[in-house]
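K.L.:
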Amino acid sequence: MGLSRIERRIWIFLAIQLIVSILLNIVIYYVGRDQIHLLINSHYSETGDLLFPYITWLGDGITAGVVALVALLFNVRFGLIIGFSGLLSGMMSQFFKKVVFGPLPRPSAYFEQKNIALHLVENVDMATIYTFPSGHSATAFAIMFSIIMISKQVGLNVILYLLAVLAAYSRVYLSQHFVEDTIAGSWLGIISAILCYFIFVNSGLSKAQRLDQPLFNKLML
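Numbering (the numbering used here), first residue to last: 357 to 577.
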């Protein structure tokens, strides 16, 4: 499965994500990161408070592992693509958090220092440092874009993209991250998915036909 086929499958999602990222960065530049977060935080609802603590799990490492294991049951190659893209996105986000950008304050801690009260959802454990980039956003986009590159179903791919966006938005809604954190995280996830796809599909591993079988078939060989 070559580059041209992949381009046909995901170019529109990459274009949309690029346009959204550019527009959001323009808004951040002119309006300000803090003001955008406070605006989003002020538009909370009971439904949002109920759903987003669960939606945010779409970007958790456990979710990536479960999705990868399920995919392995049907196709080892697909499971490896999803699993390793989730792993790579997590490693990259942690590297940038801990090594490059350091313990930058997250929204809850940042606004507390400014004596600005935020609406915080009950029973959500709030992280206070290492805000940039968003690891959950990276993992969510890694999972979803891995499947988008595998799937030929346009409707499913649209749903997957929207789920990734919702997962990223949930991080802002819950005041775990600023918008700019989720933008950066989304691209880490996309890059991870593309890299892992080409490793398992367009490298020497592409000729390993056993990878195109369900996991249990492979174990019985």
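Beta carbons are placed, not taken as given, at the ideal position from N, Cα and C, and that holds for glycine.
If distances are taken between C-alpha atoms only, which option among S493, D405, L516 and I547 comes closest to N479?
P.N.:
D405
K.L.:
Considering only their Cβ atoms, is the gap separating L544 from M482 smaller than 9 Å?
P.N.:
no
K.L.:
If you reduce the DSSP assignment to three classes, tell me which class P489 lands in.
P.N.:
coil
K.L.:
Going by DSSP, what residues sit across from P306 in a beta bridge?
P.N.:
Any question about residue 306 goes unanswered here, given that the chain covers just 357 to 577.
K.L.:
Given that a residue counts as buried once 16 or more other Cβ atoms are within 10 Å of its Cβ, and exposed if not, what is S445?
P.N.:
buried
K.L.:
For H533 and I555, what's the separation of their Cα atoms in angstroms?
P.N.:
One C-alpha to the other measures close to 31 Å.
K.L.:
If we ignore side chains and look at the alpha-carbon of each, how far apart do I396 and L425 end up?
P.N.:
35 Å
K.L.:
What residue does the alpha helix (DSSP H) around S401 start on, and which one ends it?
P.N.:
Per DSSP, S401 belongs to no alpha helix (DSSP H) and is neither H nor E.
K.L.:
Tell me whether R433 is buried or exposed, calling it buried when 16 or more other Cβ atoms sit within 10 Å of its Cβ.
P.N.:
buried
K.L.:
If you draw a straight line from the alpha carbon of R527 to that of N471, how long is it in whole angstroms?
P.N.:
21 Å
K.L.:
Taking a contact to mean a Cβ-Cβ separation below 9 Å, would you say S490 touches S441 in this structure?
P.N.:
Annotated as distal: S490 and S441, with beta-carbon spacing of 9 Å or more.
K.L.:
Please classify M576: is it buried, with 16 or more other beta-carbons within 10 angstroms of its beta-carbon, or exposed?
P.N.:
Since pLDDT at M576 reaches only 44, below the 50 mark, its modelled position is unreliable, and the value read off the structure follows with that caveat. Under this definition M576 is an exposed residue.
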